[in-house]
C-alpha cells in the first residue's frame, strides 16, 4: 500500500480536506520532501541502510553532507571566505556559543551591542551577559516591540566585540526590512532562525548568521552557522570543543557526531528550494502569501496586527481578535476546518500564523476564508 504523507481530515459530511499546520516551530515541511524521505526511509539509494543508520564518516553520508553544503552555499550565495557549520544546540544554544567564540577577540571585559526588538533578542541579551558586558544600543520595548528602532538611533560601542540582532522575531512578529550596515568593522551577528532562506540576503554584510532548522530548513536538532573565516580561532577557554567554531570548521562539522538525519532532511529542503526557482522566487511567493493574510487582518477592526507595517514579518504573523472572549470559539472553529496551531505564544497571547516557505498559498487562502467567515464578512 502506498504510504500517504498528505495530512487529511474527514469532515462531518465525509469529504477529505487538507490540514494546514501553522505551527511556529517545529513547523510544516514541503510535502515533496516528506514523500521522498518516506520512500528512502528503509533503503537510501540502494545502500541497504536508512540514513539514520549510517556512519557520519561513511561515504554514503559524506555525499549527503557535501551536497547539502553545496546547495546551501549556492542558495544563499555564501562567499568563499565563509564557513558553513552544521551544529547542535539550537538557536537558544547559540546565544551562549556565539559570545564564547567571539568575545575572546577583544581585550577583556569585552562589550557586546544589542538591538532589542522582541522576545528572542531579549533571551540573547540575558545569555550573553554571562560572558561579557552588554550594551543595549537600541530597544523597541517601550513601544511594545512593534518596530525595529531606526539605525540612526543606535548607540553603538566603539570597539564592541560584535553587534547582535534578531532579524525576525518569531513571537512578536517583527522583521528587519533590509540588511543593516555599520560604519566600522564591528561584525554583525544575526539570529535568522525564523526567516533564513525565505528572502534574499547579502551574507557579506554579516560576520555570523545562525539559525535553528525547525522553521524553514528541517526538523529540530540541527543548527546552521555561517561564519566569516577571520572570526574563527578566538574561542574562550570555557567554550566546549564541540562548539568551538574553529574546531568544527577544521573537521567539516564531523568533530562529533552531527545530527545526520536532520542534515539529510535539510538537504532535501535545499533541493526543493532550488526546484522552486531559488531564494528570489520563494521570496516573491512569501510576499504574496503575507500580503494576502495581512489584507484580511486589515479589512476592518475585527482583527488586529499591532506591528508597524514597515516591519511586519512575512513568516510569523501574530494577530488578536477585537473581542478576545471569542478566542476559544475561534480556535475551535479553525481546528474543525483543519487550520491547526494558531494559538499565540503564551507570553503574548492572541493568535499567530506561521507561514514559512513550505506553507502553500492554498493554506493561507484557507485561513483567509475562515477569518472572513468568522468575522461575518
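In my numbering, the protein residues as written are -10 to 366. We treat Cβ as the ideally placed atom computed from N, Cα and C, and that holds for glycine. A quick note: this is a predicted structure, and the numbers were derived from the prediction, not measured.
Same chain only: Cβ atoms within 7 Å of residue i, ignoring 5 sequence neighbours per side
i: residue 323; result: 331 and 359
i: residue -10; result: With a pLDDT of only 36 at residue -10, under 50, the local geometry of the prediction cannot be trusted, and no value is derived from it.
i: residue 123; result: 101, 103, 114 and 117
i: residue 140; result: 169
i: residue 56; result: 256
i: residue 336; result: 108 and 160
i: residue 166; result: 299 and 300
i: residue 86; result: 78 and 232
i: residue 130; result: 105
i: residue 357; result: 281, 282 and 285
i: residue 260; result: 60
Short Cβ contact (9 Å threshold) for residue i with residue j
i: residue 90; j: residue 112; result: no
i: residue 164; j: residue 341; result: no
i: residue 93; j: residue 238; result: no
i: residue 61; j: residue 213; result: yes
i: residue 193; j: residue 153; result: no
i: residue 159; j: residue 251; result: no
i: residue 161; j: residue 268; result: no
i: residue 151; j: residue 125; result: no
i: residue 218; j: residue 70; result: yes
i: residue 226; j: residue 77; result: no
i: residue 305; j: residue 157; result: yes
i: residue 215; j: residue 199; result: yes
i: residue 196; j: residue 220; result: yes
i: residue 339; j: residue 362; result: no
i: residue 33; j: residue 49; result: yes
i: residue 43; j: residue 36; result: yes
Buried versus exposed call for residue i [16 or more other C-beta atoms within 10 Å across all chains shown]
i: residue 0; result: Reliability fails at residue 0, whose pLDDT of 47 lies under 50, so the model's placement of it is uncertain and no value is given.
i: residue 172; result: exposed
i: residue 180; result: buried
i: residue 138; result: buried
i: residue 346; result: buried
i: residue 133; result: exposed
i: residue 285; result: buried
i: residue 107; result: buried
i: residue 68; result: exposed
i: residue 207; result: buried
i: residue 375; result: A question about residue 375 goes unanswered here, because the residues of the chain that appear run from -10 up to 366.
i: residue 28; result: exposed
Closer than 9 Å to chain B by CB, residue i
i: residue 305; result: Of the chains in the structure shown, none is chain B; there is only one protein chain.
Presumed contact (8 Å Cβ cut-off) between residue i and residue j, rounded CB distance
i: residue 282; j: residue 344; result: 7 Å
i: residue 53; j: residue 40; result: 7 Å
i: residue 9; j: residue 211; result: That belief does not hold up - the Cβ atoms of residue 9 and residue 211 are roughly 24 Å apart, past 8 Å.
i: residue 311; j: residue 293; result: 7 Å
i: residue 105; j: residue 128; result: 4 Å
i: residue 121; j: residue 99; result: 5 Å
i: residue 291; j: residue 355; result: The pair is not a contact, with the Cβ atoms about 18 Å apart (cut-off 8 Å).
i: residue 386; j: residue 182; result: No answer is possible for residue 386: it lies beyond the span of the chain, which begins at -10 and ends at 366.
i: residue 271; j: residue 65; result: Actually they do not touch by this definition, with Cβ atoms about 12 Å apart.
i: residue 349; j: residue 333; result: The Cβ separation is near 22 Å, so there is no contact.
Cβ shell of residue i (< 8 Å), same chain only, five flanking positions each side left out
i: residue 26; result: 253, 254 and 257
i: residue 303; result: 164, 184, 187, 188, 275, 276, 278, 279 and 344
i: residue 287; result: 294
i: residue 3; result: Note on residue 3: pLDDT 41, under 50, position unreliable in the model; the coordinate value appears next. Within the same chain, residue 3 has no close Cβ partners at all.
i: residue 230; result: 236 and 244
i: residue 38; result: 32 and 49
Close Cβ partners of residue i (< 6 Å) along its chain, the five nearest in sequence each way excluded
i: residue 58; result: 73
i: residue 209; result: 15 and 203
i: residue 352; result: 9
i: residue 242; result: 74 and 75
i: residue 88; result: 117, 120 and 121
i: residue 228; result: 89
i: residue 95; result: 150
i: residue 145; result: 102 and 126
i: residue 82; result: none
Subject >> Those runs of the beta strand (DSSP E) which lie wholly inside the segment 208 to 288 and span at least 3 residues >> reply: Runs of the beta strand (DSSP E) inside the segment 208 to 288: 212 to 217.
**OP:** Return the chain-ordered ranges of every beta strand (DSSP E) run that is complete within the segment 65 to 94 and spans a minimum of 3 residues.
**Re:** Within the segment 65 to 94, the beta strand (DSSP E) runs of at least 3 residues that lie entirely inside it are, in chain order, 71 to 76.
**OP:** Counting only runs of 4+ residues fully inside the segment 12 to 51, write out the alpha helix (DSSP H) ranges in chain order.
**Re:** DSSP runs (the alpha helix (DSSP H)) wholly in the segment 12 to 51: 20 to 28.
Subject >> Whole runs of the beta strand (DSSP E) within the segment 105 to 168, excluding any shorter than 3 residues >> reply: Listed in chain order, they are 122 to 128 and 151 to 155.
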